[in-house]
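Asks: Sharing a structure with you now.
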Amino acid sequence: MVWALSLFGTAIGAGVLFLPINAGIGGIIPILVMAVIALPMAYWAHRGLARFVLSGSDPEGDLTVVVEEHFGPKAGAVMTVLYFLSVYPILLVYSVTITNTVNSFLENQLGVEPWPRWLMSLLLVGGLIAVVSLGQQVVVNVMSVLVFPFIAVLVGLSLVLIPRWNTALFTTFDPEVAAEASGQSIALTLLLLIPVVVFSFNHSPIISSFAVDSRQKYGAWADKKTGQILLVAESLMVIVVMFFILSTALSLSPADLAAAKEQNITILSYLANHFDSPLIQWVAPIVAIIAVAKSFLGHYLGAAEGFEGIVVKSSKGKLDRNKALALGTLAFMLISAWLVAWADPSILGMIETMCGPTIAIILFIMPMVAIMKVPALKKYRGHLSNYFTLGIGIIAFGTIFYNIIQLFV
31 MVWALSLFGT AIGAGVLFLP INAGIGGIIP ILVMAVIALP MAYWAHRGLA
81 RFVLSGSDPE GDLTVVVEEH FGPKAGAVMT VLYFLSVYPI LLVYSVTITN
131 TVNSFLENQL GVEPWPRWLM SLLLVGGLIA VVSLGQQVVV NVMSVLVFPF
181 IAVLVGLSLV LIPRWNTALF TTFDPEVAAE ASGQSIALTL LLLIPVVVFS
231 FNHSPIISSF AVDSRQKYGA WADKKTGQIL LVAESLMVIV VMFFILSTAL
281 SLSPADLAAA KEQNITILSY LANHFDSPLI QWVAPIVAII AVAKSFLGHY
331 LGAAEGFEGI VVKSSKGKLD RNKALALGTL AFMLISAWLV AWADPSILGM
381 IETMCGPTIA IILFIMPMVA IMKVPALKKY RGHLSNYFTL GIGIIAFGTI
431 FYNIIQLFV
């Protein structure tokens, strides 16, 4: 049960704060579709990744080690790059998010004119990276303390919003009404929802450690036990997240959610600005700031590790992990995250174009390809769940091309 709660806690992060916007902007139909596919998506994908890690011959081998074993050293190097590309864009997303969330809080709740964006973004991103410099263990401890209070607040806010539920969402059963509210067809809304769902429900970084620990603890029963634990964790996650999405969507209208997307803020910031309720006005943005800061810190650790791994591997033994490399990594992360936060690109656009598709390769596509190709995974072939997971991964990855085409249309 400890691992189930750990996975559940890790899975629900700041990414969830964008899901009601993309799910509800197209009305009730995308929310209903998501309610049906969310659990199979999350469970089968993370179970597939766990099975892939368990298929390695080294009892302590992590994801990269197993990739090298099954596909060769070059694939291991590609995996290192992919891991970085799946984490680093998320760091950039949270750089923009923390700046917009704090600016919104200053303007709407405190009535204070924010400093120029270039300065505010530099102070916020620099401040968070300064926290990381206190040491990895400090960051991990702070994150672990904040996990369950954040989940409790999400559930609490969902309950507080119930008296504010209205019927605006149900008018969108008519596809024309839904298309007018979102500015796009239901089919396109569903297509662009997939990478955001992939992003929001992703907790692949912890799966490698979970699988290794399960193999050491359960031996031959590791596959069965990981499946059982994951089912509990993913079920809890989907129940909490879907309740939050449904409650926020029912308390607003598709037009409100479109406005939240246009303002480039989290759903909590929008709720705080929308409702005349002191509780929501003050609790929601503060929780959003804490949640985004927590997620930024966690993804900074992953992005920095991935960046250093690429540098060390590309040097072919000439460089190792030292203070100079750590300082160079910090400088790269600070400057790039600050510049992106200053530029203020669309957060949901970044998730659709960069975060969701790269996560889909590691979490949805690679394990399913391995099941088809790797002899050690042969017993898992032929299941409908494999094709469903692969299909979701291909759709999420394919949104890259849609968004690129849109740039030239």
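In this note's numbering, the protein residues as written are 31 to 439.
Positions of the beta carbon are idealized from the N, C-alpha and C atoms, including for glycine.
Note that this is a predicted model, so its numbers are computed, not measured.
1. When DSSP labels each residue in this structure, what does V46 get in the three-state scheme?
2. Reducing DSSP to helix, strand and coil, say where L164 ends up.
3. Rounded to the nearest angstrom, what separates E99 and A34 at their Cα positions?
4. Which whole-angstrom value is the C-beta distance of V155 and L364, which I expect to be below 8 Å?
5. Given 8 Å as the limit, is there contact between the segment 423-439 and the segment 388-396, that is, 3 or more CB pairs closer than that?
6. Find out if the Cβ-Cβ distance for the pair S85, V97 is shorter than 8 Å.
7. Nearest-angstrom Cα distance between I297 and F231?
8. By how many angstroms is the C-alpha of A44 removed from the C-alpha of G249?
9. State yes or no: is the C-beta of P284 within less than 8 Å of the C-beta of G428?
10. Are the segment 123-137 and the segment 365-381 touching, with three or more C-beta to C-beta distances below 8 Å?
11. Can you name, in chain order, every residue of its own chain whose Cβ lies under 8 Å from the Cβ of I320, other than the five neighbours on each side?
12. Can you check whether the CB of W74 is closer than 8 Å to the CB of S415?
13. Check for me: the alpha helix (DSSP H) holding R245 runs from which residue to which?
14. Rounded to whole angstroms, what is the Cα-Cα separation between V190 and I275?
15. Once DSSP output is grouped into helix, strand and coil, what is the label at I269?
16. State yes or no: is the beta carbon of S125 nearer than 8 Å to at least one beta carbon in chain D?
Replies: Reading from the atomic positions:
1. If DSSP states are grouped into helix, strand and coil, V46 belongs with the helices.
2. Looking at L164 - three-state DSSP - the assignment turns out to be coil, as it is neither helix nor strand.
3. The C-alpha of A34 is placed about 28 Å away from the C-alpha of E99.
4. Between the beta-carbon of V155 and that of L364 there is about 6 Å, and that keeps the pair under the 8 Å contact cut.
5. With a cut-off of 8 Å, the segment 388-396 and the segment 423-439 count as touching, because enough Cβ pairs lie within range.
6. V97 sits away from S85, with the two beta carbons spaced by 8 Å or more.
7. Taking the CA atoms as reference points, I297 sits about 17 Å from F231.
8. Computed Cα separation, rounded: 35 Å.
9. Contact: no.
10. Yes, since at least three Cβ pairs between the segment 123-137 and the segment 365-381 fall closer than 8 Å, the two stretches touch.
11. Taking I320 as the centre and dropping the five residues before and after it, the same chain places the C-beta of L176, F180 closer than 8 Å to its C-beta, in chain order.
12. For the pair S415 and W74, the CB atoms are nearer than the 8 Å cut-off.
13. Bounds of the alpha helix (DSSP H) holding R245 are 234-248.
14. Across the structure, V190 and I275 are spaced so that their CA atoms are roughly 13 Å apart.
15. When secondary structure is reduced to three states using DSSP, I269 falls in the helix class.
16. Of the protein chains in the structure, only one exists, and it is not chain D.
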